[in-house]
Every structure is written in structure tokens, then in C-alpha cells.
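Have a look at the structure below before the remarks.
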Amino acid sequence: MRTGVRLAFDVGKVRVGVARCDADAILAVPLVTLRRDRYGADLEEAADLVADHDALEVIVGLPRSLSGGASASTRDARRWARALAGLIAPVPVRLVDERLSTVTAHRELHESGRREKSFRSVVDQAAAVVILEQALATERSTDAPAGEMVAPIQEGRQ
Numbered sequence: 001m002r003t004g005v006r007l008a009f010d011v012g013k014v015r016v017g018v019a020r021c022d023a024d025a026i027l028a029v030p031l032v033t034l035r036r037d038r039y040g041a042d043l044e045e046a047a048d049l050v051a052d053h054d055a056l057e058v059i060v061g062l063p064r065s066l067s068g069g070a071s072a073s074t075r076d077a078r079r080w081a082r083a084l085a086g087l088i089a090p091v092p093v094r095l096v097d098e099r100l101s102t103v104t105a106h107r108e109l110h111e112s113g114r115r116e117k118s119f120r121s122v123v124d125q126a127a128a129v130v131i132l133e134q135a136l137a138t139e140r141s142t143d144a145p146a147g148e149m150v151a152p153i154q155e156g157r158q
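If you count the sequence shown from 1, position 113 lands on 113 in UniProt numbering, and the numbers rise without skipping.
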């Protein structure tokens with residue numbers, strides 16, 4: 001298992017949940033929720049977090065349908081990950097299947113005694129924690145980074 005901080009991002013239409021793990025890649029914790037911005041401020045904030053935490057790697061959740069198919073959210077997450085990869089290179093960005101991460105986050109928040117009304121501010125962070133925990137577990141069991149590597153968006157191409 002590689003040592004080093006990883007950041008995970010749960011990309012939604014309105015918010016981006018962020019989680020991080022410790023340098024030993026043992027504990028994943030919620031970090032912050034970013035507001036999506038059509039001008040890219042969320043991407044710049046994400047890039048700043050990567051630099052501030054000296055991240056070894058970035059994990060971005062890839063939303064898929066239960067059957068594994070793609071959707072508009074899948075394409076949006078891929079675009080967001082590619083744009084981030086362009087901002088933070090050479091730090092690698094990987095896409096990891098996030099099916100049921102939000103459902104798992106909701107269940108865990110319920111089990112911890114949180115009320116549904118208080119979820120909005122933290123559910124995206126909790127989903128990012130689930131994504132990061134899944135990626136770390138995969139790396140522990142396979143001795144290889146989880147998910148697929150993201151190629152950055154090249155200048156002038158979307």
C-alpha cells in the first residue's frame with residue numbers, strides 16, 4: 001500500500017463533496033463541500049486543496065447506473081475530472097465507480113442519528129468518504145491503485 005494523502009471528490013450538479021485520508025491511507029474523513037460554479041471556481045478550489053494537502057493522488061467518483069451504464073452525470077464527472085487533472089498535473093487523477101455511495105452515505109448518516117434536514121450540508125462529504133474508503137480497500141486488496149487513470153483536458157479541447 002502506497003503511503004500518502006489522497007483526496008476524493010463526489011461531483012454533483014450543485015455541490016462537490018471532498019474527503020481526505022491520512023498519510024498512512026488508513027482513515028478517510030470528510031473535509032469540505034464545494035459549490036459547483038459554471039466559471040470553474042470549484043475546480044480552482046479543488047486544485048488548491050490538492051496542493052494544500054500535498055496529495056499523492058486524487059479520486060473522483062464516477063456515477064454509473066446500477067447496470068453499469070453511463071448517464072449525463074457520468075459524462076459530467078469525467079469532464080470535471082479531466083479539467084482537474086489539467087490543473088494539478090503531475091498529480092494523478094483516477095475515476096472510481098461510485099454506485100450506491102450516496103445511498104451508503106445516507107444510511108450511515110441515519111445510523112449516526114442525523115436528521116434528514118441536516119444531511120444536505122454533509123451528505124456529499126460523506127459520499128466522498130465512502131468513495132475514498134472503497135478506493136483504499138481496493139488498493140489494499142490488489143496492491144494497485146483503484147479505478148481508471150484520467151487524461152487531462154488539453155488546452156483548447158473540451
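Just so you know, even glycine gets a beta-carbon here, dropped at the ideal spot from N, CA and C. The structure presented is a predicted model; accordingly, all values stated were derived computationally and were not measured.
Residue 136 has its alpha-carbon roughly 10 Å from the corresponding atom of residue 142. When the Cα atoms are used, residue 30 and residue 40 turn out to be separated by approximately 22 Å. Contact between residue 2 and residue 21 fails: their C-beta atoms lie close to 11 Å from each other, not under 8 Å. When DSSP states are grouped into helix, strand and coil, residue 88 belongs to the helix group. Residue 59 has 8 and 94 as its beta-bridge partners, per DSSP. Taking the CA atoms as reference points, residue 44 sits about 14 Å from residue 17. Residue 18 sits in a strand when the DSSP states are folded into three classes. For residue 27, no beta strand (DSSP E) segment is defined, and its DSSP state is neither H nor E. Inclusion of residue 138 and residue 96 in the CB contact set at 9 Å is warranted, their separation being smaller than that value.
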